[in-house]
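Reviewing the structure listed below.
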Amino acid sequence: MKANPGGNLDPDHVVGRDRLIDQIWDLLESQSILINAERRIGKTQVLRKMLKDPCDGWIPVFRDFEDIYSAQEFAEHVYDDVQEFLGTQTRAKNFIQRLLEKSETDYVNISERAWKELLTSAIEDLAKTKTPSRLVFFWDEIPYMLENIRQANGNRVAAQVLDTLRSLRIENDERFRVIFTGSIGLHHILSKLTEAGIPSSPVNDMFKITVTPLAPTDAHALAVALLEGEALEFNDLETAAQAIAEEVDCFPFYMHHIVAGLKLEERQATRTEIQDFISRQLVDAADPWELAHYRKRLPTYYPEGNDAQTVTAILDVLAMTEDADTSLAVNEIMNNMHGRNIDVGDRDNLLRLLRLMDADHYVSRDINGKYRFRFSLIRRWWMLDRGL
Amino acid sequence: MSEIQHNTTENSVQTEALKFTDENFIWRFSPSQTNPELLEAIFVGRENLLQNVVEKMAESANTASKHHVLLYGPRGIGKTHFISLLKHRIVNNPNINPKVRIAWLNEDETTVSLVQLLVRIYRSLCEAYPDDYSQEWLNDVLDQTPVEIEGMLKRRLVDRFQNQTLIVFVENLNLLLENLGSNGQKGLRSLLQEHPFACLVATSQQLFRAVTDRDEPFFGFFHNIQLKPLSLEDACQLLLNIARSKGQHDLEVFLQSPDGRSRVRAIHHLAGGNHRIYIVLSGFITRESLDHLVVPFQKMADDLTPYYQERLRWISPQQRQIVELLCRERGTMTPKAIARRLLASENTISSQIRKLVEIGYLNVTRQGREAFYELSEPLMRLAYEVKQQSLLVMLIDFLRIWYQLDKMKSLSKDGLSKSTRQYIDAAIERSQTHPDPRIEILQTEIEKAIANRRRHELARMWHEKATVTDTELDWFVAGYCYHEFDKNSSTAIVCYDKALAIEPKFAYAWNNKGNSLNKLNRYEEAITCLDQALSIEPKFAYAWNNKGNSLNSLNRDEEASVCYDKALAIEPEYAYAWNNKGGLLSKIGRYEEAIVCLDKALAIDPEDSYAWNNKGYSLNSLGRYEEAVTCYDKALAIEPTLPSPRFNQSVALFALSRWDEGFESIQVGLIVSDLEMLGNVEPMFAVIFHLSGNDSQLQARVSQLVDIYEEAATSDELSNKLKEDPLVALGEGLVKSLGEIKADRLSSAVLNSYVTAVEQRVARIPQFEVPLRLFRYGIRYLISRKTAELVELIEPEREILRQVLNIHFSEVNLN
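Residue numbers (my numbering), protein chains in the order written: chain A, 10 to 397; chain B, 27 to 841.
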């Protein structure tokens, strides 16, 4: 297997996701799923692997909704996919056309009505047809699409799309499932809707799964496959594979990068070379792994008041623990912040921010409720970037 | 070439088209038009990378994995050359070609929507594969609405590429993505995510937001590969490959010689590793012109001028004014100075400068709060520089000498000549019984040539003989003759390789090959050969000596010393090894021990002029000037035309205040000098600076030294004989003398008096414009020890001072 940072992987080359995939198929028996993951962790590759080898009784349809800008476009795509599944030749545009011709009201209302009726009609068609297999939609980049719709059609339409989908899921529970995924957390969109005075819980019927980096043994297997595929020189395969996996927290995207980088630079895969390569990526002014994003996005993710500054300070505190494995209790974080004269507000405010940071993959909470950086690689970068 | 023909890039291309009469033409601005076989033949430095990308394409063709590659690097770095070869390799690879279809998108076409991009891809497929992709179908589709066209093309492509992979070559990806806009980008990414049937192989001048920002659809999508500038080695190899492809054998040989490499090094210093520069240069160089360097450089400059002028047309008028000003100025400039000259506000200028830095036109060096700007590509100066007073031409003239190898201080000897005699005799003896009648004729000719001392004919004759007999001995002797008489080490190596192919255990051939490689400065390879010789014959004193020379040249001094010792342990009376060990010890400042070794060499061979010269140098360095002068006298008594001791002696004579004799020694040195020797000038300057008691003495002596070199430069007899311009060599020595000035012990007034003395004599000499400026700034640095003194110089000039003063700059490059 060649290192392929960023490209499309052959599903047969996706390593270490079999258990997760089995779990997803099992869960789909009972409910739809919301997959949450940091960008580039490999969630789309998981869906693609499921697409190639679906479980018996399921017919998956994959859609990337990044380039969908309106509720109507979305509904058309869904309608098309359903019709294709049902084998009919009816095209969405004809339906819309008919609807437009019949209507006497203004365009906005027609559109609004159109997308809802189209979406409902698609799912009703699906419900009416008694096929032995069930349809499962893999909908990638749903948060991006909702943000696009929010901006094009307004908060109300974005919320309606989510609510309509929820109703359809509940009403037609036996006929189809969906998997939502996205590069940014859906909670960011939901909080914007809440801020706009449209509170709702449109995904509380869905099971939430977080895609984590690979398990150490799987990461090791991936590293071995990459080292052999690229025919890199090494003294000891096991040591080299272990180093590649460990140094980037078993993050497959960065593992591909390391192997591709060593290959390009014609270096041996020794632990020293691997560490040196990673160190150079972390301090490179060009920021080739775009890790600065973890800092730059803070004002966007945490726009309220001083939240972005407070989150920065929390991350500073967590970065300065003895090592990457040391976690801090909420009180310890609080005291540390006070010791530095940083106003974090009351305890509830700190808890609120920590929960958001957990959802955004900055931190993770151990079984004792203590917090630390979720990825030691990001902690290492944060320390370098902030000069800690 | 007239200005009219060259005033746009388009015209340059037309000119190229006119010249395109055979398959050996290398297109400078459109490498994709060059015959791929020729591109293969001249390809350098990126073979592993190309192979790596080919393997990615192979995996994309044969599995569901799809690799997307973005190759980035500045204009002229060789991106199109690279992807043209990639395409060629794909098309010729039976494991890839049947499973892929290639769409090469014309870089000049603007595309503002996904549907337009899809049409371009499909049209490209129609042109490349007319049997598979129908233009008629496309024409019919184009009657529909854009939304329908997009849908139909998507379905068509997805359908057609069920069992094949589409490889799309996109040049200037940044422009394509920028024009596509957010919606187009998202649409393209969605298509490739939903239906992974295509690989994108793209190029751009730099990484850009659409691929580096996490919020952008194409973040992390490509494997970004930087095409790095050519190293000096790569540049030499590229020129060598082109010379080979054009059958310029003498140029090929020259490029492999130390002098040839030093010429390329001079260009590399100024032009960096820009691929296109060397391709253009290759059109103007011959063996002689590269040696001279300035003329082909001027021709290259002339050829590139319209290209740089064209690039300036792409930027705004105010940005162009800034670049024009920097082209004309001799040094770096601050925004304040630029604003003043352009009669604009500093804020406006600062903002335009920032943009110019972002798009790669300018570099910045910061010193405290001040920022000094200069052109990021020194050759861009060509666009607006006044040709008659070209700083670039002056710099290249200076750099040519600057990188010339230092041959003056000590002289080393290789273990070759004596050892080879027995093989020549054996080869002659064997030829007497050879059945081919041609051999007898050739052998007679060879013996006549030897008898008549026509040594320059021997290499060709013995080569001819070796071609007939094909024996290891004849190949070996042919190699020896090329090395020893023709000074053609490259061909010598070819002959030694033939001998070694016949007899791999031929230790002398390994030894001689190592020696020839040493002559070409290919020391690492030489060591490999010499180790081969020593593995066959561990007690081979000559090979130990030669290995010592290789290591010595690599400044691996301790290992070199061990090798000389081994040679001497095997053969205690080996004078060359004593001389070489003496030279090594002298180089590392162990002069007393050096003298012991050189005395041993001289005890064995009192007529060894090299050893006398080297002993003189060691004594001189110990301040034993009288004895040094005696040694140089002895060297000159044995070999009066040896220039090295003449120039070295002048320094000792100056030190003894025998100024007139010292100047005379330099004068004679210049007269007896061979084609290359112009003296080791920096110690002459250094001694004059240090030992002149007052300003008038200092000025008089500097004047006298310049007089001698100026006279040599204007003498018809000498200027015909000398390879270099003596005044350029003197200027280079002046700059190098900065490294020998003991500034810590001197007041600023004394240091400034050096500048005054030099200025008053050379200010009007054009060859001194660059050296004088460098000397002036170098002295400023020596007074203050602050790099701030140097930021007004342009980068190639700073690099020269960096080398001679062994200093580092804390530069911040906003690129």
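For glycine and all other residues, C-beta sits at the position ideal for the given N, C-alpha and C.
Cα-Cα, which of B:Tyr333, B:Asn605, B:Pro822 is closest to Thr358 of chain B? Stepping through the second sequence from its first residue, residue 358 of chain B is reached at position 332. The shortest Cα separation from Thr358 of chain B among B:Tyr333, B:Asn605, B:Pro822 belongs to B:Pro822.
Give the DSSP bridge partners of Asn250 of chain B, in chain order. Counted from its first residue, the second sequence places residue 250 of chain B at position 224. Paired residue(s): B:Leu96.
Under 8 Å, Cβ to Cβ, is there at least one residue of chain B near Leu273 of chain A? Taking the first sequence and counting its residues from 1, the one referred to as residue 273 of chain A is at position 264. True, the Cβ-Cβ gap to chain B drops below 8 Å.
Beta-carbon of Asn17 of chain A versus every beta-carbon of chain B: anything under 8 Å? Position 8 of the first sequence, counting from 1, holds the residue named residue 17 of chain A. Yes, Asn17 of chain A lies at the interface with chain B (some Cβ there is under 8 Å from its Cβ).
Who does Phe398 of chain B pair with in a DSSP beta bridge? Stepping through the second sequence from its first residue, residue 398 of chain B is reached at position 372. According to DSSP, Phe398 of chain B bridges with B:Thr391.
I want to see whether chain A comes within less than 8 Å of Met27 of chain B, judged by CB atoms only; does it? Working through the second sequence from its first residue, we reach residue 27 of chain B at position 1. Note that Met27 of chain B scores a pLDDT of 29, beneath 50, so its modelled location is shaky and nothing firm can be said.
Which residues mark the beginning and the end of the beta strand (DSSP E) in which Trp67 of chain A is found? Taking the first sequence and counting its residues from 1, one reaches residue 67 of chain A at position 58. Run containing Trp67 of chain A: 67-73, per the beta strand (DSSP E) assignment.
Could you tell me which whole alpha helix (DSSP H) segments of length 4 or greater appear in the region 721-760 of chain B? 721-740, 742-747
Between which residues of its own chain and Ala661 of chain B is the CB-CB distance below 7 Å, once the five residues before and five after are set aside? Against the second sequence, residue 661 of chain B aligns to sequence position 635. The residues are Ser635, Trp638, Asn639, Gly642, Leu668, Pro671.
Beta-carbon neighbours of Asn209 of chain B, restricted to chain A and to distances below 9 Å: Numbered from 1 along the second sequence, position 183 holds the residue referred to as residue 209 of chain B. Here the neighbours are Asp76, Tyr78.
Can you tell me which of A:Arg388, A:Lys11, A:Trp67, A:Thr53 puts its alpha carbon nearest to the alpha carbon of Val220 of chain A? For this step, residue 220 of chain A is matched to residue 211 along the first sequence. Of the listed residues, the one whose Cα sits closest to Val220 of chain A is A:Thr53.
Count the C-beta pairs between the region 117-137 of chain B and the region 328-338 of chain B that are closer than 8 Å, then say yes if the count reaches three, no if not. no
Taking Cβ positions, are Leu127 of chain A and Ala161 of chain A nearer each other than 8 Å? Working through the first sequence from its first residue, we reach residue 127 of chain A at position 118. Working through the first sequence from its first residue, we reach residue 161 of chain A at position 152. For Leu127 of chain A and Ala161 of chain A, no; Cβs fall outside 8 Å.
Beta-carbon neighbours of Pro222 of chain B, restricted to chain A and to distances below 7 Å: The residue given as residue 222 of chain B occupies position 196 in the second sequence. In chain order: Asn17.
Do the CB positions of Met215 of chain A and Ile42 of chain A come within less than 8 Å of each other? For the purposes of this step, residue 215 of chain A is taken as residue 206 along the first sequence, with counting starting at 1. For the purposes of this step, residue 42 of chain A is taken as residue 33 along the first sequence, with counting starting at 1. Contact: yes.
With a threshold of 8 Å between beta-carbons, can His22 of chain A be considered close to chain C, or not? Here chain C cannot be found, since the structure's protein chains are A and B.
Using 10 angstroms around the beta-carbon of Asn121 of chain B, count the other beta-carbons present and answer buried if the total reaches 16, otherwise exposed. The residue labelled residue 121 of chain B in the question sits at position 95 within the second sequence. Exposed, by the Cβ-count rule.
Could you tell me which of B:Ala586, B:Asn119, B:Leu96 sits nearest to Ile251 of chain B, measuring between CA atoms? The residue labelled residue 251 of chain B in the question sits at position 225 within the second sequence. Among B:Ala586, B:Asn119, B:Leu96, the Cα nearest to that of Ile251 of chain B belongs to B:Leu96.
Just to confirm before moving on: does the CB-CB distance between Glu81 of chain B and Leu111 of chain B stay below 8 Å? Locating residue 81 of chain B in the second sequence gives position 55, counting from the first residue. Locating residue 111 of chain B in the second sequence gives position 85, counting from the first residue. The answer is no: Cβ separation not under 8 Å.
Kindly say whether Asn13 of chain A, judged by its beta-carbon, lies nearer than 8 Å to any beta-carbon of chain B. To locate residue 13 of chain A, count along the first sequence from 1; it is residue 4. Yes, contact with chain B.
Does the Cβ of Gly719 of chain B have 16 or more other Cβ atoms within 10 Å, making it buried, or fewer, making it exposed? Along the second sequence, one-based indexing puts residue 719 of chain B at 693. Result: exposed.
From which residue to which residue does the beta strand (DSSP E) around Ile427 of chain B run? As a position in the second sequence, residue 427 of chain B is number 401, starting the count at 1. Run containing Ile427 of chain B: none in the beta strand (DSSP E); it sits in the alpha helix (DSSP H), 417-428.
Residues in its own chain within less than 7 Å of Ala230 of chain A by CB, not counting five upstream and five downstream? The residue you call residue 230 of chain A lines up with position 221 of the first sequence. Cβ neighbours of Ala230 of chain A beyond the five flanking positions: Val24, Gly25.
Alpha helix (DSSP H) runs wholly inside the region 663-722 of chain B, at least 4 long, in chain order: 669-681, 685-698, 707-717
How do the region 287-303 of chain B and the region 393-410 of chain B stand: do at least 3 beta-carbon pairs fall below 8 Å, yes or no? yes
Taking the C-alpha atoms as reference points, what is the distance between Leu388 of chain B and Ser288 of chain B? By 1-based counting over the second sequence, the position of residue 388 of chain B is 362. By 1-based counting over the second sequence, the position of residue 288 of chain B is 262. One C-alpha to the other measures close to 28 Å.
Which of the three DSSP states is assigned to Ala337 of chain A in this structure? Counting from one through the first sequence, the residue named residue 337 of chain A turns up at place 328. Contrary to the premise, residue 337 of chain A reads as Leu rather than Ala in this sequence. Looking at Leu337 of chain A - three-state DSSP - the assignment turns out to be strand.
Residues in the region 247-259 of chain B with C-beta within 8 Å of chain A's C-beta atoms, listed in sequence order? Phe247, Phe248, His249, Asn250, Ile251
Below 7 Å between beta carbons is the criterion; list the residues of the region 81-95 of chain B that meet it against any residue of chain A, in chain order. Glu81, Lys82, Glu85, Thr89, Ala90, Ser91, Lys92, His93, His94
Beta-carbon spacing of Tyr807 of chain B, Leu777 of chain B below 8 Å: As a working mapping, residue 807 of chain B is identified with position 781 in the second sequence. As a working mapping, residue 777 of chain B is identified with position 751 in the second sequence. No. Outside cutoff.
Using a Cβ-Cβ cutoff of 8 Å, what residues of the region 286-312 of chain A are near chain B? List them in chain order. Ala295, Asp296, Pro297, Glu299, His302, Arg306
Please list, in chain order, the chain A residues whose beta carbon lies closer than 7 Å to that of Phe245 of chain B. In the second sequence, counting from the first residue as 1, residue 245 of chain B sits at position 219. Under the 7 Å cutoff, chain A gives Glu299.
Bridge partners for Arg127 of chain B per DSSP, in chain order? Your numbering for residue 127 of chain B matches position 101 in the second sequence. Beta-bridge pairing links Arg127 of chain B to B:Leu192.
Can you check whether the C-beta of Arg26 of chain A is within less than 8 Å of a C-beta belonging to chain B? One-based indexing of the first sequence puts residue 26 of chain A at position 17. No, Arg26 of chain A does not count as interfacial toward chain B.
Which residues does DSSP list as the beta-bridge partners of Ile188 of chain A? Reading the first sequence from its first residue, position 179 is the one you call residue 188 of chain A. Looking at the DSSP assignment, Ile188 of chain A forms a beta bridge with A:Ile42, A:Phe147.
So Ala269 of chain A contacts chain B; which residues on that side make the cut at Cβ distance below 8 Å? The sequence position of residue 269 of chain A within the first sequence is 260, counting from 1. Within 8 Å Cβ-Cβ: His249.
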